[in-house]
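Asker: Our numbering puts the first residue of the sequence shown at 1392, with every later residue one more than the last.
By construction, the Cβ of each residue, glycine as well, lies at the ideal position given by its N, Cα and C atoms.
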Amino acid sequence: MQIKVDAVGLTVILLTAAEAGWGKGKVPQLMAQIVDISGIDKNTRARAYRLVRDAIAELPLTIWAQDKLNARRELLDELSRQITVLQAGMSNFPTQEELREDAWRVELDAQYRSENNNAARARSKSMARPG
């Protein structure tokens, strides 16, 4: 993901969006000004949309003109919709790496429980023997 603007540039873009009352139709233009999302995977693209949506949501409502608040809601809704669409295309099935990690965790958990059970048995045996 190639970010096109610095913090000051991002601030100007977000304030311009608020002042002009950008709505859902401006999402592609807004994203194109901030970040180059072409050629990146869906997860990274969804992350970019999420970051922009969260930045807009964090802007104080007072910078939006009263008659532009509906456009703000539409802009946030469209960004959320884009995130949902991108995430819907992602697989819910675990990757090979995730399956290996899960098996490793189960194996470690079983080993840990076995060691704890053996230690508990040894303590109970030593306490049961009269000294």
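At 4 residues or longer, what runs of the alpha helix (DSSP H) sit wholly inside the stretch 1394 to 1453?
Answerer: 1398 to 1411, 1418 to 1425, 1433 to 1449
Asker: Could you check whether the Cβ of residue 1427 sits closer than 8 Å to any Cβ belonging to chain C?
Answerer: The displayed structure is made up of one protein chain only, and chain C is not part of it.
Asker: Does the beta-carbon of residue 1425 have 16 or more other beta-carbons within 10 angstroms, so that it is buried, or is it exposed?
Answerer: buried
Asker: DSSP on residue 1513, reduced to helix/strand/coil?
Answerer: Correct three-state label for residue 1513: helix.
Asker: Please classify residue 1518: does DSSP put it in a helix, a strand, or coil?
Answerer: helix
Asker: In the DSSP assignment, find the alpha helix (DSSP H) that holds residue 1479 and state where it starts and stops.
Answerer: Run containing residue 1479: 1460 to 1479, per the alpha helix (DSSP H) assignment.
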